[in-house]
Amino acid sequence: MRPTLTLRHYLEEPLAHSHDHAQLVFGLSGHLDLEVDGQGSQVHASSVMVLPFSAHHACGSRDGSRCLVLASLNHPLAQPIPGKRLPYSAFNAHIERHAP
């Protein structure tokens, strides 16, 4: 799979799934409610969320949201590490601390 960048519009109806690639979800407008492996969070304008390889996730947006989604098999996050989980909240806190 080549890396793909898509503009997505999420609406109220929840969507739950997993896939064989990693995704970076960049918030553009609105807010996206996102649950990754049982951990809830939100993607809002100027924030980013990492969805690792095969992570089960569900998302929806009561008021609608727009996000850029980068999907890639070649990114290091796309390669599973046995027994390791990505600290989602720590990663997102790091991004927010270093945002302009």
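Per my numbering, the very first residue in the sequence shown carries number 1; after that it's consecutive.
Built from N, CA and C at the ideal position, the CB exists for glycine as well.
Task: Cβ neighbour criterion (16 or more within 10 Å) applied to Q39 - done: exposed
Task: Bounding residues of the beta strand (DSSP E) (the contiguous stretch that carries R8) - done: 4-10
TODO: Using only alpha-carbon positions, find the residue among V25, S29, S47 that is nearest to A58.
DONE: V25
TODO: Please go through the same chain and pick out, in chain order, the residues whose beta-carbon is closer than 6 Å to the beta-carbon of G27, but skip the five residues on each side of it.
DONE: V43, H44, A45, S47, C67
- [ ] List the whole-angstrom C-beta distance separating S65 from D20, where the pair is believed to meet the contact cut-off of C-beta under 8 Å.
- [x] So it is not a contact: roughly 25 Å between Cβ atoms.
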